[in-house]
Amino acid sequence: DAGVTQSPTHLIKTRGQQVTLRCSPKSGHDTVSWYQQALGQGPQFIFQYYEEEERQRGNFPDRFSGHQFPNYSSELNVNALLLGDSALYLCASSSIQGMMNTEAFFGQGTRLTVV
Amino acid sequence: AQSVTQLGSHVSVSEGALVLLRCNYSSSVPPYLFWYVQYPNQGLQLLLKYTSAATLVKGINGFEAEFKKSETSFHLTKPSAHMSDAAEYFCAVSDLGGTSYGKLTFGQGTILTVHP
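These protein sequence lines are chains A and B, in that order.
The first sequence begins at 19 in this note's numbering and counts up one residue at a time.
The second sequence begins at 619 in this note's numbering and counts up one residue at a time.
What follows is the structure in structure tokens.
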């Protein structure tokens, strides 16, 4: 089992540019959540995708958008990058069992640096 | 709404000493609680979880945590610290269902340093 895989591992972008981060969930998982972890902080929830739709969203601007594909993989897009978007972006996958979500498994993250 | 407070951003112990990392939560619904560990430049690894079964939860690497509803706490302990335990630890709360669909709310983290 490959677990949750994220690409790329590191990325450097210039202010104003756009970036796309990718995530493949753990085998058997159908739900993908994205978190932003700024330096020295705990992860903050960005949004969650299930059945190819955004099911829930945290307190992030519309510059942050995402997509989920039929194979459950997901992309996080950030437009008009700001210096403050520099962070570790974590993808977590889980699945629905009955009315409950299973525990989340995290990928290694993508370190985004905006210069 | 749910929230987590981790008391102490840095904890330092000697190798072989007791490790105690504190976590208090707030939740309007029955909580599910988690401890994750993060090594430098790595993702999060689940140490243990409380999902309303036994209140004393045992996890990996000798860690355990006790859910105390009356104190709204979920402190993480390990009887004897090892150098390899040095990392950052995050407490998180979720309801795993309901309207949050398993969204995790994290504390600010506690950096554990282990001295020889």
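Every residue, glycine too, gets a C-beta built ideally from N, C-alpha and C.
Bear in mind that the values here come from a model prediction, so they are computed numbers and not experimental data.
CB of residue i within 8 angstroms of CB of residue j, strictly
i	j	result
A699(B)	E633(B)	yes
C641(B)	S691(B)	yes
F681(B)	G60(A)	no
S83(A)	C109(A)	no
Y574(B)	L651(B)	In the structure as shown, chain B starts at 619 and stops at 734, and residue 574(B) therefore has no counterpart that could be examined.
R129(A)	H28(A)	yes
D703(B)	V637(B)	yes
T731(B)	L639(B)	no
Q620(B)	P649(B)	yes
S111(A)	K44(A)	yes
R81(A)	A98(A)	yes
Cross-chain neighbours of residue i in chain A, by beta carbon under 8 angstroms
i	result
K676(B)	Chain A residues near K676(B): none, gap ~15 angstroms exceeds 8 angstroms.
Partner residues on chain E for residue i, Cβ-Cβ distance less than 7 angstroms
i	result
F724(B)	Given the protein chain composition of this structure (A and B), no chain E is represented.
Partner residues on chain A for residue i, Cβ-Cβ distance less than 9 angstroms
i	result
L664(B)	E121, A122, F123, F124
K667(B)	E121
F692(B)	The premise fails here: F692(B) is roughly 15 angstroms from chain A at the closest Cβ pair, so nothing lies under 9 angstroms.
F708(B)	G60, P61
Classification of residue i by the beta-carbon crowding that lies within 10 angstroms, buried from 16 upward
i	result
F87(A)	exposed
I100(A)	The sequence as given places Leu at residue 100(A); Ile does not occur at that position. Its Cβ having fewer than 16 others within 10 Å, L100(A) is exposed.
P26(A)	exposed
K686(B)	exposed
L665(B)	buried
Y657(B)	exposed
K696(B)	buried
S113(A)	buried
A122(A)	buried
A20(A)	exposed
Contact set between residue i and chain B, taken where Cβ atoms lie within less than 9 angstroms
i	result
S51(A)	Y719, G720, K721, L722
L130(A)	Those within 9 angstroms of L130(A) in chain B number zero; the least Cβ separation is about 13 angstroms.
S92(A)	Simply none; closest approach about 15 angstroms.
Supposed close pair residue i, residue j - CB separation, criterion 8 angstroms
i	j	result
L94(A)	W52(A)	5 angstroms
K721(B)	F63(A)	5 angstroms
V132(A)	Y90(A)	About 28 angstroms; that fails the 8 angstroms criterion.
T24(A)	Q126(A)	For clarity, residue 24(A) is Gln in the given sequence; the question names Thr instead. Yes, they are in contact, since the Cβ atoms of Q24(A) and Q126(A) sit about 6 angstroms apart, within 8 angstroms.
Y643(B)	V711(B)	5 angstroms
Residue i: contacting residues in chain A (beta-carbon distance under 7 angstroms)
i	result
G661(B)	L108, F124, G125, Q126, G127
G727(B)	G60
F681(B)	The contacting residues do not exist; F681(B) stays about 16 angstroms from chain A at best.
heavy atom of the ligand GTP below 7 angstroms from residue i C-beta
i	result
Y643(B)	Annotation note on the ligand GTP: not contained in the displayed structure, which lists no ligands.
Within chain B, partners of residue i - CB distance below 7 angstroms
i	result
S112(A)	G720
Within chain B, the residues that residue i reaches when beta carbons sit closer than 8 angstroms
i	result
Q54(A)	Per Cβ cutoff of 8 angstroms: no residues; Q54(A) is ~11 angstroms from chain B at best.
Query raised in the report: Is there contact here, the stretch 655–664 of chain B with the stretch 68–75 of chain A, by at least three beta-carbon pairs under 8 angstroms?
Result: no
Query - Contact the stretch 35–43 of chain A vs the stretch 619–629 of chain B: 3+ CB pairs below 8 angstroms - result: no
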